[in-house]
Amino acid sequence: MNDFFYGWYLKCQSDTQTLAVIPAVHGTGSKRICSIQIITDDHAWMIPFSGHSYQRAGRNIFIADNRFGEKGIELNICTPRLTLIGKLDFGRLFPLKYDIMGPFALVPFMECRHSVFSMRHPVTGNVQINGKSLSFQNAWGYWEGDRGRSFPKKYIWTQCCFAGGSLMLSAADIPIAGIRFTGIIGVIVWRGKKYRIATYLGAKAVRIGNKMIRIVQGGLELEARLLEASGQPLKAPANGNMVRTIHESASCRAFYRFRINKHTVFAFETDKASFEFEYPA
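Those letters in the sequence shown? Residues 2 to 282, by the numbering used here.
See the structure below:
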């Protein structure tokens, strides 16, 4: 068995609470282990499981007594550090028409491949975390995944559901065949329409730095700016081992602006953004 990781990221967010869950399986050589990472507005946990606890059935992942998939999430974790029990049901998913990686999905030996399963879907349910109740009514969810060997050395990722739409954007340092370039993937959903921005469609990062990124692709322009982080430590893969520490703000202050042909479609500040900024300041 080669060095590898495979994981999903499922975020559920109401007006007052955020819960992100990351079930994953990863390994090096012949060793395979599983984990579930939990992120809230102000805490993060990583719970290890044996590799034998992982099962997959269609679009469902099972790790021990926990289920993740198209219909929702069922959680049953009881450890000295974390007790988490509950069920969250998903409504109709909002998938993309084709792979977010485009033609890069066919390129061999990439260290990380990204998937987007739903840009926005209703979430209903309740969970108990260490005795604290989190209720999700009229809430929204987002669902993506990653697979490969390692997270990129440098990358930016952000996601946000908002009135009228949702968006995700990722820019990363990509090594292929001895060269490196900034790979970009992103989707803006606005009033029922999808706008895709990607390197394979001509997208360019005209600015990265000072906690902000601006992407231009023809007449499309997307800017994302991290205003106030609330980063929680997470574990990320490096050659299949979950030994790298990154920081995610699951619900933080950010600014977004989307323009078409220099016309501002939307521009807003929110405290419900998710952000990882793993580029030098």
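From the three backbone atoms N, C-alpha and C, an ideal C-beta is built for every residue, glycine too.
Put simply, of T265, S136, E222, L235 the residue whose alpha carbon is nearest the alpha carbon of P49 is L235. In the DSSP assignment, D174 falls within the beta strand (DSSP E) that extends over 166-177. For Y201, the CB contacts under 8 Å within the same chain, skipping 5 residues up- and downstream, are G103, P104, F105 in chain order. Cα atoms of S36 and S51: separation of roughly 8 Å, rounded to the nearest angstrom. Distance between I23 and I39, taken at the CA atoms: about 7 Å. If you compare the alpha carbons of F182, I157, N262, L168 with that of Y280, the shortest gap goes to I157. For Y99, there is no enclosing beta strand (DSSP E), as DSSP gives it neither H nor E. Three or more beta-carbon pairs separated by less than 8 Å link the region 162-174 to the region 137-148, which places the two stretches in contact. Look at the beta carbons and you see the region 15-35 touching the region 51-62: at least three pairs across the two are nearer than 8 Å. For T183, the enclosing beta strand (DSSP E) has its first and last residue at 180-191. Beta-bridge pairing by DSSP links P234 to H248. Assignment of G52 by DSSP, reduced to helix, strand and coil, places it in the helix class. Contact annotation, V117 with L20: C-beta distance approximately 19 Å; criterion of less than 8 Å not satisfied.
Under the DSSP assignment, E75 falls in the beta strand (DSSP E) whose first and last residues are 73-79.
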